[in-house]
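As structure tokens, the structure follows; a few thoughts come after it.
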Amino acid sequence: MNAITEFIKKSRLKSPWAMHFDCGSCNGCDIETLAVLTPVYDVERFGIINVGNPKHADVLLVTGTVNYRNQHVLRNLYEQMPDPKLVVAIGACGLSGGVFREAPNVVGGVDKIIPVDVYVPGCPPKPEAIIDGVVEGLAKLAELQQQAV
Amino acid sequence: MVDFLLILAGLVLAPLAGGLIAGVDRKITARLQSRYGPPILQPFYDVAKLFGKSPSIVNVWQVFCAYLYAAAAAISVVLIFVGADLLLIFFVQAVGAVFLVMGGLSAPSPYSQVGAHRELIQVLTYEPLIILVFIGIFLTTGSFKVTAIFEQSQPMLLQLPLLYLVLTYALTIKLRKSPFDFSTSHHGHQEIVKGVLTEYSGPHLALVEIAHWYETVLILGLCALFWHTSIIGMAILLALTYFAELLVDNVTARMTWRWMLGYVWGVGLAMCVVNLVWIYVG
Ligand code: SF4
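These protein sequence lines map, in sequence, to chains X and Y.
Mind the numbering: the first sequence is residues 0 to 148 in numbering that gives the first Met the number 0, read in order.
Mind the numbering: the second sequence is residues 0 to 281 in numbering that gives the first Met the number 0, read in order.
In structure tokens, the structure reads:
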């Protein structure tokens, strides 16, 4: 039984399925996030797959500014993801609201609505930085697993 | 004793082989797209991870259907390993396919509903063809038993070449590969919404995935029956067939379900009739 739980733990780090939610970004961060999936960066070699379904996702990649309209969608998506899950906020907008932070309908960063595990700064961040963000999140997950034992 | 070993092989080795085939499939597909691709064992990591996730259940029906689908797929593989009746194998796997559709229909989400309907159309498309292939086997061997095939002195491929092609159509549809991947995309990264699998999550998605491995082995096992006389012949036939599937998957785009129904029934039934008449007359 122990071997199976060990294998499951190892697999968690080897197969992070990512879902990408665009919380009203300018499209800059989105293009960079999607570039990660192209043959140039090919994140599938790390087992990362882009799924469009919160029920299958392990990692939620959020780009853009949260506003009063899409905060409900963001929370809804987060709640539909089965545990254990990670949230990665991407770009200046995801971190704090970025250049849009003073707009009247803007709530601010992603962490105003849901707990964020990793922040990837930049406007937009490089694809390498986004991959690093997910890897960083996995390290965090592994640490949590260690503590749980 | 031999029977027991065969049952064990069907239950344990078949999903392992299916998972490996899925891993090799993803690797080769990635290479064809000039990517590096995931490790060969990636499908096992995926399934293990899914088993480790907390279950989020839409309703009990869905769970019931996932278990039945997996059970039916496993039983049909065991049946072919112990050399049972082809018709029995056919009915058991059909029951599994129907329960997958019912699981999709049990959730009110529109993606799941549309996926389930499309899955139903796919089932409708390949089931008559498989039955006709079995009839062809009956006409050559005089029995629906798998063991009767092994009593033949020459490979069935020589007498049933067109029916073998028809079986590869069924394989493409069963594997949900392009151009027949309506209900859900075979490769997770091609598709935004996973059709009939949309509402499955965590451990139940893992069960469906394992059932899919069983089904891959089942259809490849049926293909292998066409060259039962030598192990090497079997291996070559299966490798060529699967590689052809991969090529077709990578060079074609998804078509509409109307096209699938018209094309597969038109071409498939024509090939079946030609081949059956040929055996009957010859
Ligand atoms: S961080 Fe910059 S690139 Fe990204 S969404 Fe905001 S403005 Fe656009």
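The C-beta atom is built at its ideal place from N, Cα and C for all residues, glycine as well.
Helix, strand or coil: which one does DSSP assign to K151/X? With chain X represented from 0 up to 148, any question about residue 151/X goes unanswered, as that position is not in the structure.
Taking the CB atoms as reference points, tell me whether V195/Y and S182/Y lie closer together than 7 Å. yes
Interface residues of chain X facing T295/Y [CB-CB closer than 8 Å]: Past the edges of chain Y, shown from 0 to 281, lies residue 295/Y, and the structure says nothing about it.
Return the chain-ordered list of same chain residues with a C-beta closer than 7 Å to the C-beta of G23/X, the five sequence neighbours on each side being excluded. G63, T64, N66, N69
So is D180/Y in contact with chain X if we call contact Cβ pairs under 7 Å? no
My output table needs one value for K9/X: the three-state DSSP class, helix, strand or coil. helix
With a 10 Å radius around its C-beta and 16 neighbouring C-beta atoms as the bar for buried, classify Q153/Y as buried or exposed. exposed
For chain X, check one thing: does any of its Cβ atoms lie closer than 7 Å to the Cβ of K48/Y? yes
What did DSSP end up calling V58/X once you bin it into helix, strand or coil? strand
Give a single yes or no on whether P114/X has its beta carbon closer than 6 Å to a heavy atom of ligand 1. no
Relative to the alpha-carbon of I74/Y, which residue among L123/Y, Y168/Y, A210/Y, W264/Y has its alpha-carbon at the smallest distance? A210/Y
Between the Cα of I39/Y and those of G46/X, N52/X, N26/X, spot the shortest distance and give me the residue it belongs to. G46/X
Identify the residues that DSSP records as bridge partners of V117/X: which are they? V87/X
Quick one: does the C-beta of S24/X sit closer than 6 Å to a heavy atom of ligand 1? yes
Closer than 8 Å by beta-carbon distance: list the chain X residues that pair up with Y279/Y, in chain order. Neighbours of Y279/Y on chain X: none; closest Cβ ~49 Å, over 8 Å.
Is any heavy atom of ligand 1 found at a distance shorter than 6 Å from the C-beta of C28/X? yes
Counting only Cβ pairs nearer than 8 Å, list the residues of chain X close to A21/Y. Correct list: empty, because the minimum Cβ distance to chain X is about 13 Å.
Please report how far the alpha carbon of L131/Y lies from the alpha carbon of E214/Y, in whole angstroms. 19 Å
Bridge partner(s) assigned by DSSP for W16/X: I48/X
Could you check whether G136/X and V87/X sit closer than 7 Å to each other, using their CB atoms as the reference points? yes
Does G201/Y come out as helix, strand or coil in the three-state DSSP assignment? helix
Is F143/Y near L85/Y, with beta carbons less than 7 Å apart? yes
Apart from the five residues on each side of it in sequence, which residues of its chain come closer than 7 Å, Cβ to Cβ, to V42/X? V35, L36, I130
P54/Y to R175/Y span [Cα, whole Å]: 25 Å
P120/X versus V59/Y - alpha carbon distance: 43 Å
Taking 8 Å as the cut-off, does the region 101 to 119 of chain X touch the region 75 to 93 of chain X (at least 3 CB pairs, one atom from each stretch)? yes
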